[in-house]
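One structure below.
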Amino acid sequence: MAHNERLFDPLTETLSPARADADITQLLRVLCPEAAERLYGDGGRTPVELFCKEHPAPADVRL
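Below is the structure:
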């Protein structure tokens, strides 16, 4: 997912990078479940959530 300051607003839940990633993942599961299964497994966390878990953001950064 590309980062663009004008597309994301972490203070607004619907415009957060994590929400956008969840929407993209869900759409791929609907459109092509086989590919989504191969990429993301059977559910759980999105790629952004997994990245944030492995690489915690500094205290002054909000996703």
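Heads up, our numbering is the position in the sequence shown plus 282, with the first residue counted as 1. Beta carbons are placed, not taken as given, at the ideal position from N, Cα and C, and that holds for glycine.
Host alpha helix (DSSP H) of residue i (start-end)
i, result
"P329", "329–336"
"E295", "Note, E295: premise wrong, no alpha helix (DSSP H); not H, not E."
"P315", "315–322"
For residue j and residue i, believed in contact at Cβ under 8 Å, the rounded distance
i, j, result
"T307", "T328", "5 Å"
Chain-order list of residues whose beta-carbon lies under 6 Å from that of residue i (same chain, five-residue window excluded)
i, result
"L310", "A318"
"F333", "none"
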